[in-house]
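Here my numbering is used: the first residue of the sequence shown is 2, the next is one more, and so on. Don't be surprised by glycine CBs; every beta carbon is placed ideally from N, CA and C. No experiment lies behind these values; they were computed from the predicted model shown. Encoded as structure tokens, the structure appears first; notes follow it.
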Amino acid sequence: MNTQQNREERLWEYIDGYASVEEKTVIEKLLQTDSAWKQAYQELLEVNTILHNSELEAPSLRFSKNVMEEISRLQIAPATRTYINNRIIWGLGIFFVTLILGFIGYGIGQTKWSTDPTSSSSVIDKLGQIDFSNFFNNTWINAFMMINVILGLFLLDNYLSNKRKEYRSKQI
Numbered sequence: 002m003n004t005q006q007n008r009e010e011r012l013w014e015y016i017d018g019y020a021s022v023e024e025k026t027v028i029e030k031l032l033q034t035d036s037a038w039k040q041a042y043q044e045l046l047e048v049n050t051i052l053h054n055s056e057l058e059a060p061s062l063r064f065s066k067n068v069m070e071e072i073s074r075l076q077i078a079p080a081t082r083t084y085i086n087n088r089i090i091w092g093l094g095i096f097f098v099t100l101i102l103g104f105i106g107y108g109i110g111q112t113k114w115s116t117d118p119t120s121s122s123s124v125i126d127k128l129g130q131i132d133f134s135n136f137f138n139n140t141w142i143n144a145f146m147m148i149n150v151i152l153g154l155f156l157l158d159n160y161l162s163n164k165r166k167e168y169r170s171k172q173i
């Protein structure tokens with residue numbers, strides 16, 4: 002099978018004129034001496050003449066309009082709003098908000114609250130004395146928090162744009 006396929010490839014290159022000069026001379030010698038090569042060459046020449054003599058069918062001028070009419074008869078998929086469950090979206094939003102609040106709580110828990118209990122300074126002064134060196138000091142936690150903040154902003158943007166669309170549709 003491999004030799005027959007190789008033979009056909011070489012003969013097609015010869016018929017199409019893509020064979021090199023050395024390849025042409027080798028194929029011409031094979032066509033004169035080998036009957037299998039000669040028979041394959043005659044068959045491929047017949048196929049080549051049939052391909053060149055046949056006319057390609059062109060679609061009708063109304064083809065695209067006919068296709069569009071057939072598509073309009075079919076039921077078109079409903080809008081995303083009808084098949085996406087809003088409870089799932091809200092659940093994901095609540096999950097991410099809870100996760101962010103949990104990380105903030107974790108960060109606050111990692112801070113060192115070093116205030117002097119004997120001093121009677123105000124709350125603002127005490128906040129200035131907090132050691133923030135341990136607050137989110139892990140690189141992985143910072144990266145995870147940044148991704149969650151970005152996802153939360155996308156969710157907020159999606160929510161606000163949907164509200165804006167609903168508001169505009171009510172005005173019209």
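Report task. Measure the alpha-carbon distance for N159 versus I142 and round it to whole angstroms. Result -> 26 Å
Query - Spatial neighbours of K25 in its chain, beta-carbon cut-off 7 Å, leaving aside the 5 residues before and after - result: Y15
Query raised in the report: Considering only residues of the segment 3-72, which uninterrupted alpha helix (DSSP H) runs meet the minimum length of 4 residues and lie entirely inside it, listed in chain order?
Result: 3-17, 22-34 and 36-54
Query raised in the report: Hey, I101 and N149: beta-carbon distance below 7 Å or not?
Result: yes
Query raised in the report: Taking just the CA atoms, how far does N7 sit from L31?
Result: 14 Å
Query raised in the report: Going by the beta-carbon positions, is the gap between L152 and F64 smaller than 7 Å?
Result: no
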